[in-house]
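Take 121 as the starting number for the sequence shown in the numbering used here and just add one per residue. Quick reminder that beta carbons are idealized off the backbone N, C-alpha and C, glycines included. Keep in mind that this is a model prediction, so the values were computed, not measured. Presented below is the structure to which this report refers.
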Amino acid sequence: MKKNIVLFVLFVLPIVAYLFFASGVNSFTTLPVITPKVADFGNWNSLNGKKISLDKKITVLGFAGTNILENRGNYFNLNEKIYKRYNGFEDLQFVVLCPIGTEKEAQKIVDALSPFTDVKNWNFVFASKEDIQSFYDGLHLKEKLNENLGTSNVYIIDKERNLRGRKDQKEYKEGYDTFHPSELSNEMLDDFKIILYEYRAALKKNHNATKQLLK
């Protein structure tokens, strides 16, 4: 009898636990929409001269504010925990909205990241304070920008320009705090994986559909 109990604990219980947790993760394959169809950017200048748009891109969006250098540690956290891990994903971009006049400070951030990171998908975009506030208001978030028009939070916007997050009252989350590396490594990473899973599943489905049409 004791031998059977030991065998159960050693072999059967771990398998049951694995199947339980695996089924829980696989059943949660979508991330709720917090704000649908947010506005695209205006005709704003970027640090590298590229035209930046939210259309057809998965975007990690931040708001630097006027004191961008004081919060440079937040960008290093985001770079280490998320950017470097997924920088090779073709349809992904990281965009930071900054007030006009902070171009030199933004360039210092890029210069500090570039020795150990491919910074091609870091995009710093500049707009007037009024335009930044208006754009942020259009996201319809609970949190407000601080007096410098910045926030330590970043937001996930999908290819259809929907802002995604968690709607459950117990763990409601519209943004992810870059000041806390643990939040990036846990909540944001988990949610980001769901977004990527959605698109990979859609690509696979469309690819299979194309194959059937060609038969």
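Residue i - DSSP class collapsed to helix/strand/coil
i: alanine 322; result: helix
i: threonine 330; result: Here threonine 330 scores only 35 on pLDDT, less than 50, and its place in the model should not be relied on; the value that follows carries that caveat. Residue state, collapsed to three classes: helix.
i: asparagine 146; result: Low confidence applies to asparagine 146: its pLDDT is 35, below 50, so where it sits in the model is not reliable, and the reading given next is rough at best. Helix, per DSSP.
i: tyrosine 317; result: helix
i: phenylalanine 312; result: helix
Beta carbon of residue i nearer than 8 Å to that of residue j
i: aspartate 160; j: arginine 281; result: yes
i: leucine 181; j: tyrosine 292; result: no
i: threonine 179; j: glutamine 227; result: no
i: valine 158; j: isoleucine 277; result: yes
i: glycine 185; j: leucine 304; result: no
i: leucine 217; j: phenylalanine 183; result: yes
Residues sharing a beta bridge with residue i, DSSP
i: lysine 293; result: Arg286
i: valine 153; result: Arg284
i: glycine 270; result: Ala184
i: tryptophan 164; result: Paired residue(s): none; tryptophan 164 is not in a bridge.
Pick from the options that is closest to residue i, judged by C-alpha positions
i: isoleucine 93; options: Trp242, Lys293, Leu323; result: The question about residue 93 has no answer here: the residues shown for the chain are numbered 121 through 335.
i: asparagine 165; options: Pro219, Tyr296, Lys204; result: Pro219
i: aspartate 297; options: Asp310, Gln289, Ser272; result: Ser272
i: lysine 177; options: Asp251, Asn168, Lys279, Gly193; result: Lys279
Residue range of the unbroken alpha helix (DSSP H) whose run includes residue i
i: serine 234; result: Element bounds for serine 234: n/a, residue is neither H nor E.
i: asparagine 194; result: 192-198
i: phenylalanine 255; result: 249-257
First and last residue of the uninterrupted beta strand (DSSP E) at residue i
i: threonine 182; result: Residue identity check: residue 182 is glycine in the sequence provided, not threonine. Looking at the DSSP string, the run of the beta strand (DSSP E) that includes glycine 182 is 178-184.
i: phenylalanine 209; result: No beta strand (DSSP E) contains phenylalanine 209, which DSSP labels as neither H nor E.
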